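Q:
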Amino acid sequence: MDQLTGFQRDLLYVIAGKDRPSGQEILDDINSYIDQPVTHGRLYPNLDTLVEKELVEKGQLDRRTNYYALTPKGRRELQRRQEWVDQYVDV
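Following full-length UniProt numbering, the numbering of the sequence shown begins with 1 at its first residue and continues without gaps.
Okay, here's the thing in structure tokens:
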């Protein structure tokens, strides 16, 4: 998890908060949070990195649309990260 960029960690949080979101759903959510619009050219390579690191699984909803979901490893890593953050930040 410490090898991920902040953007990649944000993507994990978005994916964790949804039920098998499509890339477009992830893009819409992340763009509602980030001031500078995220392009497909930035989103999909970062999603592919998360898939390669086995933190996210990628599947097909239909012939044109993929979904993304946390793997058990991704969920564990995100939970460990959240526990670490919680020990320093109390909001």
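The beta carbon of each residue, even a glycine, is placed where N, CA and C say it ideally should be.
Being a predicted model, the structure only gives us computed values, none of them experimental.
Tell me residue 59's beta-bridge partners as DSSP assigns them.
A: On the sequence shown, residue 59 is found 59 positions in, with the first residue counted as 1. DSSP lists 67 as partners of residue 59.
Q: Out of curiosity, what's the CA-to-CA distance linking residue 11 and residue 18?
A: Numbered from its first residue, the sequence shown carries residue 11 at position 11. Numbered from its first residue, the sequence shown carries residue 18 at position 18. About 11 Å.
Q: Less than 7 Å separating the beta-carbons of residue 46 and residue 3?
A: For the purposes of this step, residue 46 is taken as residue 46 along the sequence shown, with counting starting at 1. For the purposes of this step, residue 3 is taken as residue 3 along the sequence shown, with counting starting at 1. Cβ distance not < 7 Å, so residue 46 and residue 3 don't count as in contact.
Q: In terms of alpha-carbon separation, which member of 22, 50, 29, 55 lies closest to residue 72?
A: Numbered from its first residue, the sequence shown carries residue 72 at position 72. With distances taken between Cα atoms, residue 72 lies closest to 55.
Q: What are the start and end residues of the alpha helix (DSSP H) that includes residue 79?
A: Mapped onto the sequence shown, residue 79 falls at position 79. Unbroken alpha helix (DSSP H) run through residue 79: 72-86.
Q: Output the distance between the C-alpha atoms of residue 43 and residue 90, rounded to the nearest integer angstrom.
A: By one-based count along the sequence shown, residue 43 stands at place 43. By one-based count along the sequence shown, residue 90 stands at place 90. Distance between the alpha carbons of residue 43 and residue 90: 30 Å.
Q: For residue 14 and residue 30, which I take to be in contact (beta-carbon distance under 8 Å), what is that distance rounded to the nearest angstrom?
A: In the sequence shown, the residue the question calls residue 14 occupies position 14. In the sequence shown, the residue the question calls residue 30 occupies position 30. Correct: roughly 6 Å between the Cβ atoms.
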